[in-house]
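Trainee: Numbering (numbering that gives the first Met the number 0), first residue to last: 0 to 252.
A single structure is presented below for examination.
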Amino acid sequence: MVGNLPGIRIGATLNMEADDPTLGADTYRCRIEDFSGDRLTLTWPSKRGQSVKLAVEDSVSLAMSQSGSDGQPTATIYLDCVVVDRLPPSPGNPVALVVVRVLAAGRQAPRGSYRLPVTIPLTECAVRESSYGAATWKPVCGFVHDISGGGLGLTLDEEVAQGLKLRVRFPVPMGSGEMAVTVEVMNVIDVNPGERLSKFKVGVKFDDATGLQRERMARAVHRSQVENRRRDQAAGRLHVAAIETAEDEVAAR
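Have a look at this one:
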């Protein structure tokens with residue numbers, strides 16, 4: 000029941016992620032007009048006065064920020080949905096509406112603990128070093144092996160000390176462009192201790208990332224989870240279909 004989810008109420012504003020053939024993949028504002036069971040009735044999302052094209056069975060993601068008593072963001076609720084109905088304007092309701100069915104819900108804190116395993120090359124990576132009072136940035140080779148809303152897991156060719164700053168640039172998953180940010184080294188693990196050519200697993204947290212950048216990373220993690228779940232479900236359906244086909248062939252012999 001979507002009504003049991005925190006923050007779901009009539010009039011609440013949501014961010015909808017949808018892929019419009021003309022407007023492109025983007026985030027659009029919409030508002031909850033009604034909810035019942037596993038369904039939400041939303042105002043039709045638009046951008047610069049142009050309505051987003053949505054068809055029945057289109058997949059969309061919804062995000063709703065939650066705040067504490069001090070007004071600071073505490074978490075984001077993500078809803079994985081599919082469009083089930085479209086309601087054009089009528090004399091009784093002059094606003095176009097779209098009805099979605101909620102398939103799954105997830106919660107991501109600003110510094111979320113869930114880390115999405117990835118393999119992403121670093122476009123840029125440099126460690127900050129100080130010598131005689133002057134700061135320099137030394138290039139380091141490596142790649143990103145996991146991401147979250149609060150930090151990254153890096154695999155580097157060189158050891159870096161805890162507490163040092165790194166300047167990194169990398170492609171954000173799910174076609175979300177690149178992100179450049181300064182991070183702080185939290186922990187370092189030597190993957191092959193004692194060997195001449197070793198790799199180092201480095202956990203870092205975002206140091207100067209804005210709230211929008213953190214939200215962008217959390218969204219990318221959620222969208223990747225949704226895509227992985229859809230892929231697994233599709234693979235499961237294909238597996239079941241293959242078994243049924245094989246059983247039919249055996250029965251026909």
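C-beta: ideal position from N, C-alpha, C; glycine also.
Roughly how many angstroms lie between the CA atoms of A104 and P87, to the nearest whole one?
Mentor: Whole-angstrom Cα-Cα distance: 27 Å.
Trainee: What three-state label does DSSP hand E183 in the structure shown?
Mentor: Strand.
Trainee: In the DSSP assignment, the beta strand (DSSP E) including A134 goes from what residue to what residue?
Mentor: First-last of the beta strand (DSSP E) with A134: 133-138.
Trainee: Okay, do the region 163-183 and the region 207-214 touch, 3+ Cβ pairs below 8 Å being the bar?
Mentor: The region 163-183, when compared against the region 207-214, does touch it at the 8 Å Cβ threshold.
Trainee: Could you tell me the alpha carbon to alpha carbon distance between E128 and E158, rounded to whole angstroms?
Mentor: Roughly 13 Å separates the two Cα atoms.
Trainee: If we count the other Cβ atoms within 10 Å of its Cβ and call it buried at 16 or more, is V81 buried or exposed?
Mentor: By the neighbour-count rule (16 or more Cβ atoms within 10 Å), V81 is not buried but exposed.
Trainee: Within 10 angstroms of its Cβ, does A134 collect 16 or more other Cβ (buried), or is it exposed?
Mentor: Counting Cβ neighbours within 10 Å, A134 comes out exposed, since fewer than 16 surround it.
Trainee: Starting from the C-beta of S58, find all residues in its chain whose C-beta is less than 6 Å away, skip the five residues before and the five after it, and write them out in chain order.
Mentor: Excluding positions up to five away in sequence, the list reads V81.
Trainee: For the beta strand (DSSP E) holding L196, just list the boundary residues, first then last.
Mentor: Where L196 is concerned, there is no enclosing beta strand (DSSP E), given that its DSSP letter is neither H nor E.
Trainee: Take R8 as the anchor and find which of F34, A17, S45, C29 has the nearest alpha-carbon.
Mentor: Closest by alpha carbon: F34.
Trainee: Need the endpoints of the beta strand (DSSP E) that P120 sits in, please.
Mentor: Where P120 is concerned, the enclosing beta strand (DSSP E) stretches over 115-120.
Trainee: Which same chain residues end up closer than 6 Å to R30 when comparing Cβ atoms and leaving out the 5 residues on each side of it in sequence?
Mentor: Same-chain partners within the cutoff: T12, T42.
Trainee: Between the Cα of V55 and those of N14, G48, M15, V97, spot the shortest distance and give me the residue it belongs to.
Mentor: Looking at the Cα atoms, V97 is the closest of the given residues.
Trainee: Would you please state the rounded distance, in angstroms, between the beta carbons of S223 and M173? I believe it to be under 8 Å.
Mentor: Right, their Cβ atoms sit about 6 Å apart.
Trainee: Look at the alpha carbon of K137 and the alpha carbon of V167, and state the distance between them as a whole number of angstroms.
Mentor: Cα to Cα, the separation comes out at about 12 Å.
Trainee: Going by the beta-carbon positions, is the gap between A17 and V51 smaller than 8 Å?
Mentor: Contact flag set, yes.
Trainee: Could you tell me if A217 is buried or exposed, where buried requires 16 or more neighbouring beta carbons within 10 angstroms of its beta carbon?
Mentor: The residue is buried, with at least 16 neighbouring Cβ atoms inside 10 Å.
Trainee: Hey, would you say V253 sits closer than 8 Å to L155, going by beta carbons?
Mentor: Given a span of 0 to 252 for the chain in the structure shown, any question on residue 253 remains unanswerable.
Trainee: Where does N186 land, buried or exposed, given buried means 16+ other C-beta within 10 angstroms?
Mentor: Under this definition N186 is an exposed residue.
Trainee: Give me the Cα-Cα distance between N3 and A62, rounded to the nearest whole angstrom.
Mentor: The alpha-carbon atoms of N3 and A62 are separated by roughly 16 Å.
Trainee: If we count the other Cβ atoms within 10 Å of its Cβ and call it buried at 16 or more, is N14 buried or exposed?
Mentor: By the 10 Å Cβ count, N14 comes out buried.
Trainee: Got a sec? Which residues, its chain only, sit under 7 Å from G141 by beta carbon, not counting five neighbours each side?
Mentor: Around G141: L121, C124, L153, T154, L155, D156.
Trainee: In whole angstroms, give me the CA-to-CA distance for Y77 and H221.
Mentor: So the two alpha carbons sit approximately 7 Å from each other.
Trainee: With distance defined between alpha-carbon atoms, name the residue in L102, S64, S60, P44 nearest to R213.
Mentor: Cα-wise, what sits closest to R213 is S64.
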